[in-house]
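Since the structure comes first, as structure tokens, the remarks are kept for the end.
Protein chains: 2
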Amino acid sequence: MKITVGVSNRHIHLTQNDLDILFGKELTKSKDLKQPGQFASNEFVTIKTIKSEITNVRVLGPVRDYTQVEISKTDAYKLGINPPVRSSGNLKDAETVTLIGPNGTIVTNSCIIADRHIHITYDEKQKYNIPDKVNIKINGEKKGIIEVNVKPSQEAFFELHLDTDDANAFLLKNDDEVEMLNI
Amino acid sequence: MKITVGVSNRHIHLTQNDLDILFGKELTKSKDLKQPGQFASNEFVTIKTIKSEITNVRVLGPVRDYTQVEISKTDAYKLGINPPVRSSGNLKDAETVTLIGPNGTIVTNSCIIADRHIHITYDEKQKYNIPDKVNIKINGEKKGIIEVNVKPSQEAFFELHLDTDDANAFLLKNDDEVEMLNI
Chain A
25 MKITVGVSNR
35 HIHLTQNDLD
45 ILFGKELTKS
55 KDLKQPGQFA
65 SNEFVTIKTI
75 KSEITNVRVL
85 GPVRDYTQVE
95 ISKTDAYKLG
105 INPPVRSSGN
115 LKDAETVTLI
125 GPNGTIVTNS
135 CIIADRHIHI
145 TYDEKQKYNI
155 PDKVNIKING
165 EKKGIIEVNV
175 KPSQEAFFEL
185 HLDTDDANAF
195 LLKNDDEVEM
205 LNI
Chain B
25 MKITVGVSNR
35 HIHLTQNDLD
45 ILFGKELTKS
55 KDLKQPGQFA
65 SNEFVTIKTI
75 KSEITNVRVL
85 GPVRDYTQVE
95 ISKTDAYKLG
105 INPPVRSSGN
115 LKDAETVTLI
125 GPNGTIVTNS
135 CIIADRHIHI
145 TYDEKQKYNI
155 PDKVNIKING
165 EKKGIIEVNV
175 KPSQEAFFEL
185 HLDTDDANAF
195 LLKNDDEVEM
205 LNI
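Line by line, the protein sequences give chains A and B. Taking my numbering, the leading residue of the first sequence gets 25, the next gets one more, and so forth. Taking my numbering, the leading residue of the second sequence gets 25, the next gets one more, and so forth.
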């Protein structure tokens, strides 16, 4: 079975309270993302640590009930931190970073490396008998197989989300097609 | 069979002529690398393109009979270029970049993304019956299998060389052990 790739660059999600502190206004939509209801905003923050900083990190909307900073391992080396690999919403042992917005600054204990994951509806997962972990085969000049988590939800656009390290290691771009093995 | 990982950050190799232009002096050794005769120098250049630049790129020694710039796909996006994946020494369709040293500047048509490869002696390759391509199994939090090229030479330290994209995608560090499948 084929699945398309969505490459996630570093980004953040914010609570309403943290949004208020950082921006003092609501998020404005730049464009809709493929996942239903999700959008890229026109708002950006700087992620700062003792070692370094990364500017122009986009905020995704809408606001959530948790703030979450998602970066790659490459970013983590630059920032001098060691965030855990986590599914979205699981902030156990997350790293602490400072976020700087135009209206204010917060220190947040919510920096993770997002796991490789597939968005799918509960219905699709059951219909196609897809397990909780899937092996994905990648062809091209840098071949391989990666294990990814399957994350069903009520509403979802069927897609494999990889961070920029995974995408770049396998020369994958947005909307490339890869293969789910044994499905 | 197990093999240790060596992570290659972006770096360059220079001809004597290009070294003369960029530095106007010989390379000085910072430390020996594991591959026999190879060393990290104390000399650094800037890689520049129309879009951007990357500073502090280390020169490896000794000088070679070709100049070669080895970067990651992540670097390539930053620089706005599209270098091919190549084995060292194969500069077919290589990208053009400008190198800036303390003594001068060159434009070189030699920028590649190095392929994933294993260094091994001809004798070891024959002894262990290792084919020209091998699948490497990576465990840990981000699991997978990657295909790598086997590059025998007369003298070699047995090691798997990955660039920073591959290493970071699989959370691998220098001297980590991974497994060669079916060998």
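Even for Gly, the Cβ is constructed at its ideal location relative to N, Cα and C.
Chain B contact for residue i (CB, 8 Å cutoff)
i, result
"A:A64", "no"
"A:E171", "yes"
"A:S19", "Because chain A spans 25 through 207 in this model, residue 19 of chain A falls outside it and cannot be assessed."
"A:R140", "yes"
"A:N192", "yes"
"A:T73", "no"
"A:D189", "yes"
Check whether residue i and residue j have beta carbons under 8 Å apart
i, j, result
"A:D99", "A:I78", "yes"
"B:D200", "B:N173", "no"
"A:L123", "A:G85", "no"
"A:L115", "A:G164", "no"
"B:S96", "A:N192", "yes"
"B:Y146", "B:Q178", "yes"
"B:V109", "B:S134", "no"
"A:T202", "A:K161", "Looking at the sequence provided, one finds Val at residue 202 of chain A rather than Thr. Cβ distance < 8 Å, so A:V202 and A:K161 count as in contact."
"B:F63", "B:K53", "yes"
Selected residue, minimal CA-CA separation from residue i, among the options
i, options, result
"A:K175", "A:D117, A:S112, A:G164, A:A191", "A:S112"
"A:T28", "A:H35, A:N206, A:A193, A:L186", "A:L186"
"B:R34", "B:L43, B:K161, B:D190, B:Q40", "B:D190"
"A:S65", "A:G48, A:T73, A:I142, A:I36", "A:I36"
"A:K149", "A:M204, A:T70, A:Q62, A:E67", "A:M204"
"A:D117", "A:K102, A:L43, A:I137", "A:I137"
"B:R82", "B:L46, B:L196, B:N159, B:N206", "B:L46"
"B:G48", "B:F63, B:P126, B:T120, B:Y101", "B:P126"
"B:R140", "B:T188, B:D42, B:N106, B:E119", "B:T188"
Beta carbon proximity, residue i to chain A, threshold 8 Å
i, result
"B:V109", "yes"
"B:G30", "no"
"B:K167", "yes"
"B:L195", "yes"
"B:T39", "no"
Close Cβ partners of residue i (< 6 Å) along its chain, the five nearest in sequence each way excluded
i, result
"A:L184", "I27, V29, I142"
"A:T70", "E77, T79, I124"
"B:E119", "I105, P107, C135"
Neighbourhood of residue i by C-beta distance below 8 Å, restricted to the same chain and skipping five residues each side
i, result
"A:I74", "G104"
"B:T39", "V87, R88, D89, Y90, T91"
"B:G61", "P86, E179"
Own chain residues within Cβ distance below 7 Å of residue i, not counting five before or after
i, result
"A:Q59", "H143, A180, F181"
"A:I207", "M25, Y152, I154, V158"
"A:K102", "S76, I78"
"A:N198", "V29, G30, V31"
"A:L43", "L51, V87"
Would you check if the stretch 167–176 of chain B and the stretch 126–137 of chain B touch, i.e. whether three or more CB-CB distances between them fall below 8 Å?
no
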